[in-house]
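Our numbering puts the first residue of the sequence shown at 1, with every later residue one more than the last.
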Amino acid sequence: MQDPGTFHPALVFTVSPTGLAVARSLGPRGVPVWGIDDQVREIGHSSRWFRSDPVLRYLPPGPELLEGLLRFGSAQPRPPVIFVAGDPYIDFVADNHEALRDSFILPQSLCPEVAGRMLDKRSFYEACQALGAALPATYFPEDESDAQAAAAELRYPAIVKPTHGHTVRSRLGGEKLVEVHDAASLVEWWLRLRDWGSDSVLQEVIPGAEENIFVAAVYMDGNLECRSLFTARKNRQYPPWFGSGSYMEASWSQEIADLSVELLEQLEYRGVAGTEFKWDPRDQAWKLIEINPRPTLWFALPPAAGVDVIWDAYSDLVGRPNPVHVNRQDDRVRWQLLVRDLVSARYFKRRGDLSWGELLRTAVDPRRKTYAILSLRDPGTLLAYPRNTLWKYRKARGAGAG
Numbered sequence: 001m002q003d004p005g006t007f008h009p010a011l012v013f014t015v016s017p018t019g020l021a022v023a024r025s026l027g028p029r030g031v032p033v034w035g036i037d038d039q040v041r042e043i044g045h046s047s048r049w050f051r052s053d054p055v056l057r058y059l060p061p062g063p064e065l066l067e068g069l070l071r072f073g074s075a076q077p078r079p080p081v082i083f084v085a086g087d088p089y090i091d092f093v094a095d096n097h098e099a100l101r102d103s104f105i106l107p108q109s110l111c112p113e114v115a116g117r118m119l120d121k122r123s124f125y126e127a128c129q130a131l132g133a134a135l136p137a138t139y140f141p142e143d144e145s146d147a148q149a150a151a152a153e154l155r156y157p158a159i160v161k162p163t164h165g166h167t168v169r170s171r172l173g174g175e176k177l178v179e180v181h182d183a184a185s186l187v188e189w190w191l192r193l194r195d196w197g198s199d200s201v202l203q204e205v206i207p208g209a210e211e212n213i214f215v216a217a218v219y220m221d222g223n224l225e226c227r228s229l230f231t232a233r234k235n236r237q238y239p240p241w242f243g244s245g246s247y248m249e250a251s252w253s254q255e256i257a258d259l260s261v262e263l264l265e266q267l268e269y270r271g272v273a274g275t276e277f278k279w280d281p282r283d284q285a286w287k288l289i290e291i292n293p294r295p296t297l298w299f300a301l302p303p304a305a306g307v308d309v310i311w312d313a314y315s316d317l318v319g320r321p322n323p324v325h326v327n328r329q330d331d332r333v334r335w336q337l338l339v340r341d342l343v344s345a346r347y348f349k350r351r352g353d354l355s356w357g358e359l360l361r362t363a364v365d366p367r368r369k370t371y372a373i374l375s376l377r378d379p380g381t382l383l384a385y386p387r388n389t390l391w392k393y394r395k396a397r398g399a400g401a402g
C-alpha cells in the first residue's frame, strides 16, 4: 500500500451506505478518508475506512462546521478532496464554496449555481425541458388555480414531488414524494406541501415494472469529457415504486450511456452524477426520472463490476487521471441492500408480482454479488448493521407519526 502521505485526503459528508461506498473505494487504496455526519448512528461511523476527527465528526451543516473545516483543511499537507453523499450537505458546501475552495479540492458540480439548479427539482426539470430531454408530463404550479389546471391535464396515477425533497422528507415519513390517483388528491397534497413551505412539481407516473428503470454512474471532468461511466438495471427498489435501488444488476446499455452523457454535457455538469431513466411503453421512449449531483446509494456496484467511478473522479481531481473507463464493465455482478430489499421483495411477493423462483434467484444466482453494507473486510459495519437497521426503522416510524 502506498504511503498515505503521498495521497490527498478525502472528506466525505454523510456516512450513509452511499458515503460508505466512497470510503470503500478510496480507503483500501491508501487514501485517508474522513467522515462527517450529524446522524450519530449512521452506519459509516462504524467503518474501518472512515477516520474520525473528534471536532468535525458529528457536526451538522452550519457555522461551527465551516470553522472546523477551515482549520482542518489548512492543517493538511495536501488539500483534501470533498465528496458529498447526502443532499443537506450539498447545500452547505455550495453555500460556502468560496470559503472552502482555497483549502479543499471541489468538483465544479458543488459550486452554488450548479448545485442549486440540480437540487431544486423545478429549476432542474425546467432546464431539461429547455434542452429537449424526454420527460414524463411535468407541471410547475404557481398557485392553486395552476395546480387545478395541471390536475385536469395529468394522467393518473401522478406524483407530487417537493422541489427540495430533503427539507420536508421527515414530514413525509422518509418518502421522497406522494403518489395520488385523482385530481382532488393531487391538489390537496400540493396545498399541504405549500403550507409546509415547499413548492412542488406535479408529474405523471410512467407505467411498468421497476426492471424498466436503468441508471448510470458518471464522472465528467473539467473539460466535460466523460472519464468514467457505468450502467445498471434496477430490479427492485425501496420503498417500492418510488424509492432507491435495493436489488440491482450491472447491465451495459449504450442508449442510457449516450442519453446520460449528452444531457450532462448540455447541462455543462462537471463532477460525479447518478442518472436515472425509465422506459415508457406508451411512447416507446426512455424518459428522464432524475439526476443526482453526487454519488448515490448503489455506488458500491460499479467498482465491483470493474468501473470505479469514485476512484476515477478522485484521481482526476488530484491531477492524476486514470484511463477512460467507458463500456468496460463486467455485467456478471449484482448489488443488494439486504434488509430493505427483503422488505421490498415481500411487498412484491404478496402482490403476486414476484414468484418464489425469482425470489430464490436473488440468493442463488451464480453471478457475483456485492452488498451496500455487508463486507467481511469491514467487520465494524457487520456488527453495527442490526442496530443501524433498528434505528432507521424507529426513525421512519417517528417521522410517519409526525
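The beta carbon of each residue, even a glycine, is placed where N, CA and C say it ideally should be.
Predicted, not measured: the structure shown is a model, and the values here were computed from it.
- Annotated three-state conformation of Pro162 is strand, per DSSP.
- Contact between Gly44 and Val15 holds, since their C-beta atoms are separated by about 3 Å, short of 8 Å.
- It is roughly 7 Å from the alpha-carbon of Asn322 to the alpha-carbon of Asp316.
- With a beta-carbon spacing of about 4 Å, Leu337 and Ala372 fall inside the 8 Å limit used to define contacts.
- Ranked by Cα distance from Val339, the first of Trp391, Tyr219 and Ala133 is Trp391.
- The DSSP-derived three-state label of Glu211 is helix.
- DSSP places Leu263 in the uninterrupted alpha helix (DSSP H) bounded by Gln254 to Gln266.
- Between Ile82 and Asp146, the alpha-carbon positions lie close to 41 Å from each other.
- With contacts defined by Cβ atoms closer than 9 Å, Val309 and Leu229 form a contacting pair.
- For Val180, there is no enclosing alpha helix (DSSP H); the residue is found in the beta strand (DSSP E) stretching over Val178 to Val180.
- When DSSP reads this structure, Gln203 sits in a beta bridge with Thr138 and Ile159.
- Three or more beta-carbon pairs separated by less than 8 Å are not found between the segment 251-270 and the segment 194-205, which leaves the two stretches without contact.
- About 5 Å separates the beta carbon of Pro136 from that of Glu204, a gap short enough to meet the 8 Å contact definition.
- Under a 10 Å Cβ-count criterion, His97 is classified as buried, with 16 or more other Cβ atoms of the shown protein chains found around its own Cβ.
- Contact between Gln237 and Glu210 is confirmed by a C-beta separation of about 6 Å, below the 8 Å threshold.
- With a threshold of 16 other beta carbon atoms within 10 Å, Pro281 falls short and is exposed.
- Spanning the alpha carbons of Gly306 and Ala183 requires a straight line of approximately 46 Å.
- Per DSSP, Lys121 has no beta-bridge partner at all.
- Asn292 carries a strand assignment under DSSP once its states are collapsed to helix, strand and coil.
- Counting the other Cβ atoms within 10 Å of the Cβ of Arg24 gives 16 or more, which makes it buried.
- Taking C-alpha positions only, Glu290 is separated from Leu383 by approximately 34 Å.
- For Arg320, the closest C-alpha among the options Ser246, Gln284, Ser375 and Asp221 is that of Asp221.
- Under the 10 Å beta carbon count, Asn327 is surrounded by fewer than 16 other beta carbons and is classified as exposed.
- Per DSSP, the unbroken alpha helix (DSSP H) holding Gly19 starts and ends at Pro17 to Leu26.
- Just so you know, the alpha carbons of Val40 and Ala10 end up roughly 20 Å apart.
- Between the segment 285-302 and the segment 119-135, the count of Cβ pairs shorter than 8 Å is three or higher; the stretches touch.
- Counting along the chain, Ala133 sits inside no beta strand (DSSP E), nor does DSSP assign it H or E at all.
- Going by DSSP, Gln336 is part of the beta strand (DSSP E) stretching over Val333 to Gln336.
- Apart from the 5 residues on each side of it in sequence, Phe242 sits with its Cβ closer than 8 Å to the Cβ of Ile159, Glu175, Lys176, Leu177 and Glu179 in its chain, given in chain order.
- Pairwise C-beta distances place the segment 184-192 in contact with the segment 148-158, as three or more of them are shorter than 8 Å.
- DSSP, reduced to helix, strand and coil, places Ala304 within a helical segment of the structure shown.
- In the three-state reduction of the DSSP assignment, Leu11 falls in the strand class, which pools E and B.
- Within 10 angstroms of the beta-carbon of Thr138 lie 16 or more other beta-carbons, which makes it buried.
- For Glu42, there is no enclosing beta strand (DSSP E), as DSSP marks it with neither H nor E.
- Phe230 carries a strand assignment under DSSP once its states are collapsed to helix, strand and coil.
- Nearest C-alpha to Gln76 among Val33, Asp38, Gln108 and Gly116: Val33.
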